[in-house]
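All remarks here apply to the structure that follows.
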Amino acid sequence: MQAFWRDATEFLPILMSGVALTVIVTIGSLLLSTALGLVWALMRVSGIGVFSGFSAGLINVIRGIPIIVLLFYLYFVMPELGLTLTALQAAILGLGIAYSAYQAENFRAGIEAIDKGQIEAAQAIGMGWWQTMRRVVLPQAVKIVLPPYGNIMIMMLKDSSQASTITVAELALQGKLIASSTFKNTSVFTLVALMYLTMSIPLILLVRHFEKRGDQK
Amino acid sequence: MIELTNVHKSFGKVEVLKGITASVEKGEVVCVIGPSGSGKSTILRCINGLESYDRGDILVEGARVDRSAPSIVAIRTQVSMVFQRFNLFPHRTALENVVEGPLYVKKEPRAEALERGRALLAQVGLAEKSDSYPPQLSGGQQQRVAIARALAMQPKAILFDEPTSALDPELVGDVLSVMRKLADDGMTMVVVTHEMGFAGDVADRVLFIDGGVIVEQGPAKSVLNQPQHARTQDFLRRVLHPL
Ligand SMILES: Nc1ncnc2c1ncn2[C@@H]1O[C@H](COP(=O)(O)OP(=O)(O)OP(=O)(O)O)[C@@H](O)[C@H]1O
Ligand SMILES: [Mg+2]
Chain A
1 MQAFWRDATE FLPILMSGVA LTVIVTIGSL LLSTALGLVW ALMRVSGIGV FSGFSAGLIN
61 VIRGIPIIVL LFYLYFVMPE LGLTLTALQA AILGLGIAYS AYQAENFRAG IEAIDKGQIE
121 AAQAIGMGWW QTMRRVVLPQ AVKIVLPPYG NIMIMMLKDS SQASTITVAE LALQGKLIAS
181 STFKNTSVFT LVALMYLTMS IPLILLVRHF EKRGDQK
Chain B
1 MIELTNVHKS FGKVEVLKGI TASVEKGEVV CVIGPSGSGK STILRCINGL ESYDRGDILV
61 EGARVDRSAP SIVAIRTQVS MVFQRFNLFP HRTALENVVE GPLYVKKEPR AEALERGRAL
121 LAQVGLAEKS DSYPPQLSGG QQQRVAIARA LAMQPKAILF DEPTSALDPE LVGDVLSVMR
181 KLADDGMTMV VVTHEMGFAG DVADRVLFID GGVIVEQGPA KSVLNQPQHA RTQDFLRRVL
241 HPL
């Protein structure tokens with residue numbers, strides 16, 4: 001135990017730089033996946049055949065490709081096609097695209113849960129499609145969408161470790177590097193696991209809060 | 001001010017409106033009666049473009065109703081709709097529901113819209129409920145908020161689709177008396193209803209619809225008291241003496 005604490009104080013500063021990248025990758029891809037997911041979801045419910053067909057197809061393609069393959073594609077193949085990305089950019093883009101499919105399905109479920117009668121009432125007072133979305137559907141859908149959204153955040157935090165496969169020195173990769181140079185596997189990976197857990201706990205509490213608030217309604 | 005000429009409408013292969021021709025004059029109250037599934041709601045929904053129609057013409061103050069044309073917004077602000085299940089926005093208070101259209105569709109000044117909104121809630125007897133959310137209100141109160149919301153658009157006509165059918169019997173009267181006051185004040189109204197008492201007292205004219213056609217129409221008293229058609233007679237007998 002004492003050995004663990006000694007290792008911990010020694011490795012923590014290096015691991016913290018990994019944490020910083022983990023947070024950057026997670027927040028970056030969270031924002032991107034939220035924006036893209038909202039676009040796919042709105043296209044899906046637009047009632048315009050081309051849009052909803054395109055969005056449905058795209059979501060299935062994205063869901064059918066492993067995240068790691070998507071990352072390899074962006075980082076190793078895109079340069080051959082003339083688009084060079086830094087590892088960090090590729091990681092955020094790849095995770096953002098991969099998760100946009102899940103975000104879209106979540107948003108769509110939330111939007112479709114809103115009573116059609118309210119949408120007709122909005123139309124009947126002269127609101128257009130976008131105004132109906134903004135003033136009537138989305139404010140209510142948010143409440144339905146939040147608990148699953150929190151779960152997606154937790155999954156994204158953990159999946160940000162996949163960025164290590166394209167050399168982003170985030171928490172998991174920093175851990176692996178330290179472990180392979182010091183052979184202190186137990187201390188290092190225990191520490192890494194605890195740090196992921198520490199970051200997840202606030203999110204888990206947030207989901208619980210969303211769920212409780214949802215139940216009260 | 002509302003004119004339907006030979007309106008046809010099908011859902012898939014089923015034709016639900018088979019050539020409806022009717023008109024509603026300014027200030028008139030027209031009740032639409034008929035058995036379930038006869039196409040009453042569909043007629044109202046076509047008039048304000050919630051539903052498209054396949055053939056014929058619907059004109060509101062001379063403008064053709066076309067739900068895919070930009071002109072539909074102007075028509076919807078002139079012809080309000082009150083729904084069977086109220087369809088209030090549950091995340092907004094009664095007052096916010098009422099001023100939603102004036103503020104965000106008609107872009108009226110805020111103070112003005114709020115003042116009129118409060119006055120309308122008072123008019124339907126709900127002045128003290130303006131800050132309540134719809135789930136906190138009874139069905140009858142919700143429907144009266146919905147009527148205030150329709151009035152807030154300062155419409156030239158209001159379409160009511162069975163406004164009391166979803167209400168507990170003891171709440172029906174409050175809603176009907178609000179509607180009766182509107183009729184007395186000269187509002188143009190098209191009311192789909194099973195309340196034959198209301199139709200007899202308030203309506204200028206009654207249309208009886210069955211199977212997507214207008215079987216009989218005329219002054220309320222004569223259609224309800226001396227129906228000419230066997231189908232009308234049969235329908236009224238079943239509504240008035242269900243047992
Ligand atoms: N969106 C729809 N898709 C398919 N069929 C529909 C649709 N809306 C209505 N219908 C059908 O059209 C017919 C007329 O419906 P409508 O709602 O106008 O009848 P109604 O006279 O209002 O009946 P009720 O008294 O039960 O409200 C019914 O047979 C109904 O099943
Ligand atoms: Mg109906």
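So the sequences go chain by chain: A and B. For the first sequence, counting from 1, position 38 maps to 38 in the UniProt record's numbering; every step adds exactly one. For the second sequence, counting from 1, position 47 maps to 47 in the UniProt record's numbering; every step adds exactly one. Glycine is no exception: its CB is placed at the ideal position from the N, C-alpha and C atoms. Please read these numbers as outputs of a predicted model, since none were measured by experiment.
Asked: How would you write the range of the beta strand (DSSP E) that B/K18 sits in, first residue to last?; Found: V14 to V24
Asked: Is A/R108 buried or exposed, if buried means 16 or more other CB atoms sit within 10 Å of its CB?; Found: buried
Asked: Could you please give the first and the last residue of the uninterrupted beta strand (DSSP E) stretch that includes B/R55?; Found: R55 to V60
Asked: Measure the CB-CB distance between A/Q118 and A/V145 and report whether it falls below 7 Å.; Found: no
Asked: What first and last residue would you give for the alpha helix (DSSP H) that runs through A/T9?; Found: Q2 to R44
Asked: Expressed to the nearest angstrom, what Euclidean distance is found between the alpha-carbon atoms of B/Q65 and B/L224?; Found: This sequence places Val at residue 65 of chain B; Gln is not what is there. Each residue's alpha carbon lies about 31 Å from the other.
Asked: Quick check: what's the CA-CA separation for A/G175 versus A/A91?; Found: 18 Å
Asked: Which residues are close to ligand 1, meaning CB closer than 5 Å to any heavy atom, in chain order?; Found: B/F11, B/V16, B/S36, B/G37, B/S38, B/G39, B/K40, B/S41 and B/T42
Asked: Relative to the C-alpha of A/E10, which residue among A/I178, A/L203, A/R213 and A/K212 is closest?; Found: A/I178
Asked: On the premise that A/Y99 lies in contact with A/S160, defined as a C-beta separation below 8 Å, what is that separation, rounded to the nearest angstrom?; Found: Not really, about 10 Å apart at Cβ, beyond 8 Å.
Asked: Given a cut-off of 7 Å on the beta-carbon distance, is the pair B/N48 and A/A124 in contact?; Found: yes
Asked: Just mark A/S187 as buried or exposed, buried being the case when its beta carbon has 16 or more other beta carbons within 10 Å.; Found: buried
Asked: Do we get a CB-CB distance below 7 Å when we pair B/M179 with the residues of chain A?; Found: no
Asked: Give the residues from the region 55-77 of chain B that approach chain A closer than 7 Å (Cβ to any Cβ), ordered along the chain.; Found: V73, R76 and T77
Asked: Can you name the residues that DSSP bridges to B/P219?; Found: B/R205
Asked: Does any C-beta atom of chain A lie closer than 7 Å to the C-beta of B/V105?; Found: yes
Asked: Under 8 Å: do the region 58-77 of chain B and the region 174-182 of chain B share three or more Cβ pairs, one atom per stretch?; Found: no
Asked: Look at the Cβ atom of B/S138, then the Cβ atom of B/A94, and state whether they are nearer than 7 Å.; Found: no
Asked: Considering just the uninterrupted stretch of the beta strand (DSSP E) at B/F11, what are its terminal residues?; Found: I2 to F11
Asked: Excluding five sequence neighbours on each side, which residues of the same chain lie with their C-beta closer than 8 Å to the C-beta of A/L157?; Found: T22, T26, Y196, M199, S200 and L203
Asked: Determine the chain B residues that contact A/A169 at a beta-carbon separation under 8 Å, and present them in chain order.; Found: What A/A169 touches in chain B: nothing, since even the nearest Cβ is about 45 Å away.
Asked: Enumerate in chain order the residues of its own chain whose CB-to-CB distance from A/R44 is below 6 Å, with the five nearest sequence positions on each side excluded.; Found: S52, S55 and R108
Asked: Going along chain A, which residues have a C-beta under 7 Å from B/G101?; Found: I125 and G126
Asked: If you compare alpha carbons, which of B/A230, B/V172, B/P242 and B/E61 is closest to B/V215?; Found: B/A230
Asked: Using a Cβ-Cβ cut-off of 8 Å (strictly less than) and excluding sequence neighbours within five positions of A/S17, which residues of its own chain qualify?; Found: A169 and Q174
Asked: Could you work out which residues of chain A lie near B/L137, taking near to mean beta carbons separated by less than 9 Å?; Found: What B/L137 touches in chain A: nothing, since even the nearest Cβ is about 15 Å away.
Asked: Taking a cut of 8 Å between CB atoms, which residues from the region 110-140 of chain A lie near chain B?; Found: D115, G117, Q118, E120, A121, A122, Q123, A124, I125, G126, M127, G128, Q131, R135, V136, P139 and Q140
Asked: Taking Cβ-Cβ distances shorter than 7 Å, what residues in chain A pair up with B/R85?; Found: G117
Asked: Can you tell me where the beta strand (DSSP E) with B/L159 in it begins and where it stops?; Found: A157 to D161
Asked: In angstroms with no decimal places, state the Cα-to-Cα distance between A/A163 and A/A87.; Found: 8 Å
Asked: Considering only the beta carbon of each residue, do B/P135 and B/P90 sit closer than 7 Å?; Found: yes
Asked: Can you list, in chain order, the residues of its chain with a C-beta nearer than 8 Å to that of B/V145? Leave out the 5 residues immediately preceding and following it.; Found: F86, L88, A94, N97, V98, L121, V124, L126, K129, P134 and L137
Asked: If you check the beta carbons only, do A/Q140 and A/I111 fall under 7 Å apart?; Found: no
Asked: In angstroms with no decimal places, state the Cα-to-Cα distance between B/L240 and B/D234.; Found: 10 Å
Asked: Under a CB-based cut-off of 7 Å, is B/N48 close to chain A?; Found: yes
Asked: Could you say which of A/V192, A/L206, A/K116 and A/F210 lies nearest to A/I14 if we only look at CA atoms?; Found: A/V192
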